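Here the working numbering = 1-based position in the sequence shown + 165. Quick reminder that beta carbons are idealized off the backbone N, C-alpha and C, glycines included. What you are looking at is a predicted structure, and each value in this text was computed from that prediction instead of being measured.
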Amino acid sequence: MTDNKLMVLPDVQSSADRRNIPIRRVGVKGIRTPILVKSQSGAQHTVADVEMYVSLPADKKGTHMSRFWTLLGGINKPFAPQMMVEVMQEMLASLKSDGGYIRLAFPFFMEKSAPVSHLQSTMDYDVVLTAECADGKITVTQEVIAPVTSLCPCSKEISKYGAHNQRSHVSITAELETNFPIEKQIEMIESCASCQVWGLLKRSDEKYVTEHAYENPKFVEDLVRDVAIRCQDEPAILAFTVEAENFESIHNHSAFASLHFDKRQTAE
């Protein structure tokens, strides 16, 4: 006969802690899992690196780590900014916490048509969705990093012919109050570059890319300022950070620029 008392296992995590030290973030990281992401063409399958944390009161020994996995495994809808709010609310309720942080980093794929030959190829972009709850408020950001071409205005001006150019990474980290298409953020970046980049190009496309970049020289400062103007024109974006890194072709270092703008601080 089994002793029922032996079947009752102690819940150590829920026990009291006398050290009286609160913990800002405790949870799980290093999770890699398949997810669905909202796109303009429907739900896209991808793989995300996930971090999930809650705050822990000073008098509580630990949190229930398995509940993060349970929550994540039960999600069957595409992730988007508003979905991040729902997941945050469910996580806080499940773990009985008033503060939390969720981060999903994943590749996002788009089919692009070459500028002249219209040859189709796939481009990948890095995207990070984050949600943070502090003081009863949930803040959601959507970061998109896009590779582009930048051509140096100074090199063009001082050279008899040609100008050095390089690949650049430009990012928009946007605080959003509603869903905002990832594809739109990508377009905002690419439209401000000397030229876009493509996965596959024919010779006629290479000619276009070379000449288009030459006619649109951009310093790293130009990139962040031009992208910032596009962000200011988007009502869904409450605040944003724009960063650009030029992987210099004539130096063994990068050129970098960053700016932050919060529309609420300038509102009358």
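- Going by C-alpha positions, Tyr-379 is about 7 Å away from Ala-328.
- In chain order, Leu-221 place their CB closer than 6 Å to the CB of Ile-188, counting only its own chain and leaving out the 5 sequence neighbours on each side.
- Between the stretch 390-409 and the stretch 335-346 there are three or more inter-stretch CB-CB distances shorter than 8 Å, so the stretches are counted as touching.
- In the structure shown, the three-state DSSP call for Ser-231 is helix.
- The stretch 370-384 and the stretch 230-250 do not touch, with fewer than three beta-carbon pairs separated by less than 8 Å.
- Taking all protein chains in view, the Cβ of Pro-280 is crowded by 16 or more other Cβ atoms within 10 Å, so the residue is classified as buried.
- Look at the stretch 376-415 and you find these whole runs of alpha helix (DSSP H), each 4 residues long or longer: 385-397.
- DSSP, reduced to helix, strand and coil, places Pro-222 outside both helices and strands of the structure shown, so it counts as coil.
- Within the DSSP bridge table, the entry for Arg-197 names Asp-214 as partners.
- Pairing Ile-303 with Lys-367, the inter-Cα distance amounts to about 47 Å.
- Here Gln-350 is buried. Its C-beta has 16 or more other C-beta atoms within 10 Å.
- The alpha-carbon separation between Pro-400 and Arg-429 amounts to approximately 11 Å.
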